[in-house]
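> Dumping the structure here so I can ask a few things about it.
Residue numbers (the working numbering), protein chains in the order written: chain A, 247 to 586; chain B, 338 to 682.
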């Protein structure tokens, strides 16, 4: 009995000891040194169990990778998919509460450069919370960024399947519309005042993949554009983003009655393309918004699909955005052979 | 104060009108599309004769439909802000008073934002809907002046420092409320940040143009009827009262009319600073402080200043634009400091 009592603590101590001895050996694999997309080298614990996302596009990406169970917190603006709204909120993307983030004990915080602030990242670093920043400027970079993220978060297989699907969808689109002349478009971010997009945004690249080119040539990301200039350039289509935050002050249809705007041929002929706000988010769902846009701008390229076309020509923005992200890349992959 | 002669008033106004004309012609010529002076003149005449088919080119339509209305808007907004600034300066006997400094612009902006938030939830006839934003802005402006006015009073007397500090603090408080509303009301109000900086690029609906034009002349006219009383008010409220001025009535008329002017200007163009502060100063230096000449010359001066500022705002970084409020602050702040250092302010 005394022996047993002696033996138990001893074996416990031995266990502790062996674990402590093993720690230095296990340490290198349990932390991983990586460089994020803004060039910072960070140390990330592996595997990652608790993730906080500080941007809607990153939240979407996490869901698309099937890692939502590891997502312990996100922002007020993370509204897609709808379940993301149930996650613990840490505030807005620009001004999240560092305290609320810390209280969630995340292994890693995900940020994106064009939305989050460096101050947030530094404040997190000061209290020892690592953060990984993405900064994609093109559709290809979004796909690459997604698979890098999948790799980092421990879902490399899902990531490569998703990336392959997205690439397949993009190349399918390319095959259909590459030969067609690009539509000259105005991407309308805001009408009062008129704000559009610059060349270096992922949206401009998304337009290119949809067979369109923005008439606005600006190095700013969100240039305020002179209406005269737009009338001079006469874009073929105006692109509006359907927002679920309620109507913009001037809905697309009201433009026809406005001085200045009514000089646009696109307004006179109601050449509007309306796409879901997936276009505003550098996440996998962007690709379905690109396809939706391509269908509206180049309907002639999508005619040889008897039953699918009817269903997806009108409400695809809603239908696609509500369906699971992974489900739609399969649709064009089936159609693609018959297009060639 | 030199006695007012009609001839002097006429000369001053024609001089300023001539400058305004030159500025407008230059502003009409500059922009994204090229236009010749000859084509411009011909197009204007054919539009006046309602022969829009006879325009010289497609570009003629751009100039007539986009550039000209924007310049006219700048004229009315500039004149409104300048006249409102002149009135506040007389009313409060303070050369630093101006809608922007006193927080009245912020109050008007808050009124406009509230009206815009309420708009989709109200089932109003269309003509009332058009009036909603200007009305909200004017109401916001009036409420703010009232608040600032009471903040600035001490033992029944107006205290300059208290008044200005009260105005600045009221302004920042109201701006904070606007920020709160814009943050919580959803993403579609984010573009209003640009509007808050002062912006003349949004084409006005036809009906709103009428509201703006009629409102400006009614309010500016009402203020002008008090011009000689305002002169007497400069020597002090009690003194003016002894000289037979109905101070209460003058104050009420100027207060309401200046609120309407500020509300109209802010509802169509956001908060544009420095025009209401600086232009009356410059005009006082040039033409003296008799309100019978100061009010009209300030109106012309404000129009000239804002047309110039807006032309720069839409051309210096073409094809992009700057908010015109940034432009007026950029030019206005150094000029104001210069005037302040000269000791004339």
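Using N, Cα and C, we set each Cβ at its ideal position, and we do this for glycine too.
Can we say the stretch 624 to 641 of chain B touches the stretch 352 to 364 of chain B, given the rule of at least three CB pairs closer than 8 angstroms?
Yes, the stretch 624 to 641 of chain B touches the stretch 352 to 364 of chain B.
> Closest to residue 400 of chain B by C-alpha separation, out of B:344, B:378 and B:420, would be which residue?
Numbered from its first residue, the second chain carries residue 400 of chain B at position 63. Cα-wise, what sits closest to residue 400 of chain B is B:378.
> Are the beta-carbon atoms of residue 367 of chain B and residue 652 of chain B separated by less than 8 angstroms?
Residue 367 of chain B sits at position 30 when you count from the first residue of the second chain. Residue 652 of chain B sits at position 315 when you count from the first residue of the second chain. Yes. Within cutoff.
> For the beta strand (DSSP E) that residue 520 of chain A lies in, which residues bound it at each end?
Taking the first residue of the first chain as position 1, residue 520 of chain A is located at position 274. Unbroken beta strand (DSSP E) run through residue 520 of chain A: 518 to 522.
> Tell me, please, whether the CB atom of residue 506 of chain A is closer than 8 angstroms to any CB atom in chain B?
As a first step, residue 506 of chain A is located in the first chain; it is residue number 260 there, counting from the start. It does; some Cβ of chain B falls within 8 angstroms.
> Closer than 7 angstroms by beta-carbon distance: list the chain B residues that pair up with residue 477 of chain A, in chain order.
Looking up residue 477 of chain A in the first chain gives position 231. Those are 399 and 403, listed as they occur along chain B.
> Could you pull out every residue in the same chain whose Cβ sits closer than 8 angstroms to the Cβ of residue 624 of chain B, ignoring the five residues on either side in sequence?
Locating residue 624 of chain B in the second chain gives position 287, where the first residue counts as 1. 349, 630, 631 and 634.
> Whole-angstrom Cβ separation of residue 392 of chain A and residue 408 of chain A, contact assumed at under 8 angstroms?
Numbered from 1 along the first chain, position 146 holds the residue referred to as residue 392 of chain A. Numbered from 1 along the first chain, position 162 holds the residue referred to as residue 408 of chain A. So it is a contact: roughly 6 angstroms between Cβ atoms.
> How would you write the range of the beta strand (DSSP E) that residue 433 of chain A sits in, first residue to last?
Counting from one through the first chain, the residue named residue 433 of chain A turns up at place 187. 429 to 434 is the span of the beta strand (DSSP E), which, as asked, contains residue 433 of chain A.
> Taking C-alpha atoms, which residue in A:499, A:387, A:340 and A:372 lies nearest to residue 455 of chain A?
Here residue 455 of chain A is taken as the residue at index 209 of the first chain, counted from 1. Nearest of A:499, A:387, A:340 and A:372 to residue 455 of chain A, Cα basis: A:387.
> For the stretch 403 to 417 of chain B, enumerate the residues whose C-beta is nearer than 7 angstroms to any C-beta of chain A, in chain order.
Listed by position along the chain: 403, 404 and 406.
> What are the start and end residues of the alpha helix (DSSP H) that includes residue 351 of chain B?
To locate residue 351 of chain B, count along the second chain from 1; it is residue 14. Start and end: 343 to 366.
> Could you check which residue in B:575, B:573, B:537 and B:583 has the C-alpha nearest to that of residue 473 of chain A?
Here residue 473 of chain A refers to the residue found at position 227 of the first chain. Taking only the C-alpha atoms, the option nearest residue 473 of chain A is B:537.
> Would you decide whether residue 658 of chain B is buried or exposed? Buried here means 16 or more other CB atoms lie within 10 Å of its CB.
Working through the second chain from its first residue, we reach residue 658 of chain B at position 321. Counting Cβ neighbours within 10 Å, residue 658 of chain B comes out buried, since at least 16 surround it.
> Compare the beta carbon distance of residue 643 of chain B and residue 415 of chain B with 8 angstroms and say whether it is the shorter of the two.
As a working mapping, residue 643 of chain B is identified with position 306 in the second chain. As a working mapping, residue 415 of chain B is identified with position 78 in the second chain. Cβ distance < 8 angstroms, so residue 643 of chain B and residue 415 of chain B count as in contact.
> Spatial neighbours of residue 512 of chain B within its chain, please: CB distance less than 7 angstroms, with the 5 preceding and 5 following residues excluded, ordered by chain position.
Residue 512 of chain B sits at position 175 when you count from the first residue of the second chain. 443, listed in sequence order.
> The beta strand (DSSP E) with residue 357 of chain A in it runs from where to where?
As a working note, residue 357 of chain A is residue 111 in the first chain. It spans 354 to 358 - the beta strand (DSSP E) in which residue 357 of chain A sits, taken as one unbroken run.
> So, do the stretch 461 to 469 of chain A and the stretch 441 to 450 of chain A have three or more beta carbon pairs nearer to each other than 8 angstroms?
In short, these stretches touch, since the Cβ pair count reaches three.
> Taking all protein chains shown into account, decide if residue 436 of chain A is buried (16 or more other Cβ within 10 angstroms of its Cβ) or exposed.
For the purposes of this step, residue 436 of chain A is taken as residue 190 along the first chain, with counting starting at 1. Buried, by the Cβ-count rule.
> Which two residues bound the contiguous alpha helix (DSSP H) that contains residue 665 of chain B?
On the second chain, position 328 is the one that residue 665 of chain B refers to. Its alpha helix (DSSP H) spans residues 661 to 679.
> Verify the CB distance criterion: does residue 331 of chain A have a CB-CB separation below 8 angstroms to chain B?
Along the first chain, one-based indexing puts residue 331 of chain A at 85. Not closer than 8 angstroms to any Cβ of chain B, the Cβ of residue 331 of chain A fails to qualify, so no.
> In chain A, which residues lie less than 9 angstroms from residue 531 of chain B when you measure between Cβ atoms?
Mapped onto the second chain, residue 531 of chain B falls at position 194. By Cβ distance, chain A contributes 436, 438, 439, 441 and 470.
> Would you tell me roughly how many angstroms separate the C-alpha atoms of residue 471 of chain B and residue 603 of chain B, rounded to the nearest one?
Counted from its first residue, the second chain places residue 471 of chain B at position 134. Counted from its first residue, the second chain places residue 603 of chain B at position 266. Each residue's alpha carbon lies about 8 angstroms from the other.
> With the cut-off set at 8 angstroms, would you say residue 535 of chain B and residue 665 of chain B are in Cβ contact?
Along the second chain, read from residue 1 onward, the residue named residue 535 of chain B stands at position 198. Along the second chain, read from residue 1 onward, the residue named residue 665 of chain B stands at position 328. Going by C-beta atoms, residue 535 of chain B is nearer than 8 angstroms to residue 665 of chain B.
> Strictly by DSSP, which residues pair up with residue 325 of chain A?
One-based indexing of the first chain puts residue 325 of chain A at position 79. Beta-bridge pairing links residue 325 of chain A to no other residue.
> In whole angstroms, give me the CA-to-CA distance for residue 344 of chain B and residue 628 of chain B.
Locating residue 344 of chain B in the second chain gives position 7, counting from the first residue. Locating residue 628 of chain B in the second chain gives position 291, counting from the first residue. Rounded to the nearest angstrom, the two C-alpha atoms are 16 angstroms apart.
> Which term fits residue 525 of chain A, buried or exposed, when burial requires 16 or more other beta carbons within 10 angstroms of its beta carbon?
Position 279 of the first chain, counting from 1, holds the residue named residue 525 of chain A. Classification for residue 525 of chain A: buried.
> How would you write the range of the alpha helix (DSSP H) that residue 368 of chain A sits in, first residue to last?
Taking the first residue of the first chain as 1, we reach residue 368 of chain A at position 122. Looking at the DSSP string, the run of the alpha helix (DSSP H) that includes residue 368 of chain A is 364 to 372.
> Distance check for residue 285 of chain A and residue 321 of chain A, CA to CA, integer angstroms please.
Position 75 of the first chain holds residue 321 of chain A. Position 39 of the first chain holds residue 285 of chain A. Residue 321 of chain A and residue 285 of chain A: Cα-Cα distance of roughly 24 angstroms.
> Give me the subset of the stretch 448 to 466 of chain A whose CB atoms are less than 8 angstroms from a CB atom of chain B, sorted by chain position.
Here the close residues are 462, 463, 464 and 466.
> Out of B:617, B:385 and B:464, state which residue places its alpha-carbon closest to the alpha-carbon of residue 544 of chain B.
The count along the second chain starts at 1 and reaches residue 544 of chain B at position 207. With distances taken between Cα atoms, residue 544 of chain B lies closest to B:464.
> For chain A, find out if any of its Cβ atoms is closer than 8 angstroms to the Cβ of residue 576 of chain B; answer yes or no.
The sequence position of residue 576 of chain B within the second chain is 239, counting from 1. No, residue 576 of chain B lies away from the interface with chain A (no Cβ there is under 8 angstroms from its Cβ).
> Determine, using beta carbons only, whether residue 317 of chain B comes closer than 8 angstroms to chain A.
The requested residue 317 of chain B is not part of the displayed model; chain B covers only 338 to 682.
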